[in-house]
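Visitor: Following this message is one structure expressed as structure tokens.
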Amino acid sequence: MAADTSPPRARTLPVRSRPWILTYHSVSDPTDDPYGITVSADRLDEQLTWLRRRGLTGVGTAALLRARAAGKRGLVGLTFDDGYADFLDEALPVLLAHGCTATVFVLPGRPGGSNDWDPLGPRRRLLTEEGVRTVAAAGMEIGSHGLLHRDLTELSDDELRRETHGSREELRRVTGRAPSGFCYPYGIADRRVAESVREAGYAYGCALVPGALTGPLALPRTHVSHADRGARLRAKEVRHRLRYRSAGNAHRGEAG
Numbered sequence: 286m287a288a289d290t291s292p293p294r295a296r297t298l299p300v301r302s303r304p305w306i307l308t309y310h311s312v313s314d315p316t317d318d319p320y321g322i323t324v325s326a327d328r329l330d331e332q333l334t335w336l337r338r339r340g341l342t343g344v345g346t347a348a349l350l351r352a353r354a355a356g357k358r359g360l361v362g363l364t365f366d367d368g369y370a371d372f373l374d375e376a377l378p379v380l381l382a383h384g385c386t387a388t389v390f391v392l393p394g395r396p397g398g399s400n401d402w403d404p405l406g407p408r409r410r411l412l413t414e415e416g417v418r419t420v421a422a423a424g425m426e427i428g429s430h431g432l433l434h435r436d437l438t439e440l441s442d443d444e445l446r447r448e449t450h451g452s453r454e455e456l457r458r459v460t461g462r463a464p465s466g467f468c469y470p471y472g473i474a475d476r477r478v479a480e481s482v483r484e485a486g487y488a489y490g491c492a493l494v495p496g497a498l499t500g501p502l503a504l505p506r507t508h509v510s511h512a513d514r515g516a517r518l519r520a521k522e523v524r525h526r527l528r529y530r531s532a533g534n535a536h537r538g539e540a541g
């Protein structure tokens, strides 16, 4: 059964809300990993075990935002960027074993392609359209990562529209449901890009360190690497809380 990815109501996404959202990419052999974006399945299992022992359950971003709006705690967002094909065989079984879900941000303009935007490699296969449907059927949220993994801040208005509006329509065709969320390639956005995401109909956008843009259309996230174990994860959680705490709306002691 596909995950409920219906957009949260606008009032449930206050600008000062700072949910903790973790960013993953490939789950495979991390030996050749020049960008530090790969974790092994065993390390993912260890990381999710650490979260569960602290009373935290990983969920997709749309589910996290709905839960926070309803006053529910004990959740942390899990996101997987780029839509690597290894998600099916490596990440999905681990997530399901821990009772977790996640948002997988895919590139509908590159079905079955590879990450050729990474000049240093290694080359990793991306999900096919059938793979995307399989991920959705397993209960994961599907979000857009644009069409081709381009720096959206460098595009013309027409190109930007194709990446935001066009990718949403492509995913509607592939899955039968328009995605609620958009993830900015390279974690980069500016006001023009965020406005295009809003106009396309997305309920939220995910960045990495969005700065002044931080809000529903530029949610901050925490990058997770193979090196991250208990102490490092705890340090990253504390750093997130301190960096994105806002006066009058800081929720101390909870991760969801």
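For the record, in the sequence shown the residue sitting at position 50 is 335 according to this note's numbering, with numbers rising by one throughout. Where is the CB? At the ideal position from N, CA and C, for every residue including glycine. Predicted, not measured: the structure shown is a model, and the values here were computed from it.
(1) If I measure Cβ to Cβ from Leu329 and keep anything under 7 angstroms in the same chain, skipping five residues before and after, which residues do I get?
(2) Let me make sure I understand the geometry here. Which of Pro304, Arg358, Val523, Asp317 has the alpha-carbon closest to that of Asp403?
(3) Check whether the Cβ atoms of Val482 and Leu502 sit closer than 9 angstroms, and answer yes or no.
(4) Report the CB separation of Gly362 from Thr346 in whole angstroms; it is logged as a contact under 8 angstroms.
(5) State the start and end residues of the unbroken beta strand (DSSP E) segment that holds Leu363.
(6) Between Arg477 and the rest of its own chain, which residues show a CB-CB distance below 6 angstroms, the 5 nearest in sequence each way excluded?
(7) On the DSSP bridge list, what partners appear for Arg339?
(8) On the DSSP bridge assignment, give the partners of Gly466 in chain order.
(9) Which residues in the same chain as Thr297 place their Cβ atom closer than 6 angstroms to its Cβ, once the five residues preceding and following it in sequence are excluded?
(10) Between which residues of its own chain and Arg457 is the CB-CB distance below 7 angstroms, once the five residues before and five after are set aside?
(11) Taking only three categories from DSSP, how would you classify Thr449?
(12) Put Gly428 into one of helix, strand or coil per three-state DSSP.
(13) Measuring alpha carbon to alpha carbon, tell me which residue in Ala387, Glu331, Leu493 is nearest Arg517.
(14) Just the C-alpha distance for Thr449 and Arg358, rounded to the nearest angstrom, thanks.
(15) Using DSSP with H/G/I as helix, E/B as strand and the rest coil, what is Thr499?
(16) Quick one, which of Ser441, Leu381, Pro396, Thr499 has its alpha-carbon nearest Leu369's?
Guide: In terms of the structure at hand:
(1) Val312, Ala376, Val379
(2) Asp317
(3) yes
(4) 5 angstroms
(5) 360 to 365
(6) none
(7) Per DSSP, none; premise fails for Arg339.
(8) Tyr489
(9) Below a pLDDT of 50, predicted positions are generally treated as unreliable, and Thr297, at 38, falls in that range; no measurement from the model is reported.
(10) Ala463
(11) helix
(12) strand
(13) Glu331
(14) 31 angstroms
(15) coil
(16) As written in the sequence, residue 369 is Tyr, which differs from the Leu given in the question. Nearest of Ser441, Leu381, Pro396, Thr499 to Tyr369, Cα basis: Pro396.
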